[in-house]
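Numbers 0 to 163, taken from numbering that gives the first Met the number 0, label the letters of the sequence shown in order.
Even for Gly, the Cβ is constructed at its ideal location relative to N, Cα and C.
Here is the structure we will look at, set down as structure tokens.
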Amino acid sequence: MSPSTINYPLLSIPAYYIFSLLPHIYAGALLSSNGYKVNNANPKASLAPSAVQGKVPDAVYQKYQRAENAQSNSLEQLPLYAVAVLASVIAERSTARGLGNVVAVEDVTGLTGFIGAFMVVRAAYMVSYVQIADHSKSFIRSTFWVIGAGLSAYQIYKAAAIIG
0 MSPSTINYPL LSIPAYYIFS LLPHIYAGAL LSSNGYKVNN ANPKASLAPS
50 AVQGKVPDAV YQKYQRAENA QSNSLEQLPL YAVAVLASVI AERSTARGLG
100 NVVAVEDVTG LTGFIGAFMV VRAAYMVSYV QIADHSKSFI RSTFWVIGAG
150 LSAYQIYKAA AIIG
């Protein structure tokens, strides 16, 4: 298989999955750096909020929870992102084979731009989720969430319009 036959947009799906795990890794590192020992024989139980609370300073506990929530939400976005990528690849392939209603051009759905924008927005979302503890500033995180979900929804719409 030559590099020119690899469909990089499809590889962005598992790449996003791995990217989504970063807040969880950060949460574990945050706890460890504050003296908390994770039991790897039963990690989910030892990382449960009830197991952590009171064993680290409250500010660390709150940041840990935000990091875990950022990871959970990022994984919740994975299906919508994957559908957007897959629909776009199908639309581009259909167009290239003359099955769509648009003349074939490179990146007809704007998939490359979508992937880049989505990853940047989700990175900003994760950082803002973990770092913003002030309720009055939490709208920043929510704005990034809306933009990310909107990008995926719009990408699906563009693919649907091309496929017909």
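How would you call G147, buried or exposed, if buried means at least 16 neighbouring beta carbons within 10 angstroms? With 16 or more other Cβ atoms from the protein chains shown falling within 10 Å of its own Cβ, G147 counts as buried.
When we look at the beta-carbon of S11 and count the other beta-carbons within 10 Å, is it buried (16 or more) or exposed? Looking at its Cβ environment, which holds 16 or more other Cβ atoms inside 10 Å, S11 is buried.
Cut-off 6 Å between Cβ atoms - residues of its own chain near K54, not counting five sequence neighbours on either side: Annotation for K54: Y35 place their beta carbon closer than 6 Å to its own, counting only its chain and skipping 5 residues before and after.
Could you tell me if I17 is buried or exposed, where buried requires 16 or more neighbouring beta carbons within 10 angstroms of its beta carbon? That one is exposed.
With a threshold of 6 Å on Cβ separation, who are the neighbours of A86 within its own chain once the five nearest residues in sequence on each side are excluded? Closer than 6 Å at Cβ, skipping near neighbours: I155 and A158.
Where does L150 land, buried or exposed, given buried means 16+ other C-beta within 10 angstroms? Buried: at least 16 other Cβ atoms inside 10 Å.
Note down, one range per segment and in chain order, each alpha helix (DSSP H) of at least 4 residues found wholly within the segment 24 to 58. Counting only runs of 4 or more, we get 42 to 45 and 48 to 51.
Going by C-alpha distance, which of I5, L30, N6 and L21 is nearest A123? If we check each option's Cα against that of A123, L21 comes out closest.
Taking the beta carbon of Q70 as the centre, do at least 16 other beta carbons fall within 10 Å, making it buried, or is it exposed? Q70 comes out buried.
Going by DSSP in three states, G115 sits in which element: helix, strand or coil? In the structure shown, G115 adopts helical secondary structure according to DSSP, grouped into three states.
Does the distance from the C-beta atom of I114 to that of P8 stay below 8 Å? Yes, the Cβ-Cβ distance between I114 and P8 is below 8 Å.
6 Å CB neighbourhood of Q52 in its chain, flanking five on each side removed: So the list reads Y60, once near-sequence residues are dropped.
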